[in-house]
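Scroll down for the structure; my scribbles are underneath it.
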Amino acid sequence: TDHGWKISLDRGLDIFQHYEMNEAFAFANRLQQFRSSKAFEVTFIKKS
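Residue numbers for the sequence shown follow the numbering used here, so the first one is -3 and each next one is one higher.
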């Protein structure tokens, strides 16, 4: 729904660092909360 705010991500949805997909027992492959993220900014803009 539209609540009057615009949210702008400077990286889009590409915020995660590269991780090894072939590592069968790495938590990062299965659980997103264990993945490292890149630096990014979120900007909230109030619509008039």
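Think of the CB as a built atom: it goes at the ideal place given N, C-alpha and C, for glycine as much as any other residue.
In the three-state reduction of the DSSP assignment, F21 falls in the coil class.
Per DSSP, reduced to three states, the secondary structure at F36 is coil, with no helix or strand assignment.
The straight-line gap separating the alpha-carbon atoms of F23 and A35 is approximately 21 Å.
If you ignore the 5 residues before and after E37, its C-beta comes within less than 7 Å of the C-beta of D6, all in its own chain and listed in chain order. Nearest Cα to S33 within the set W1, Y15, K2: Y15.
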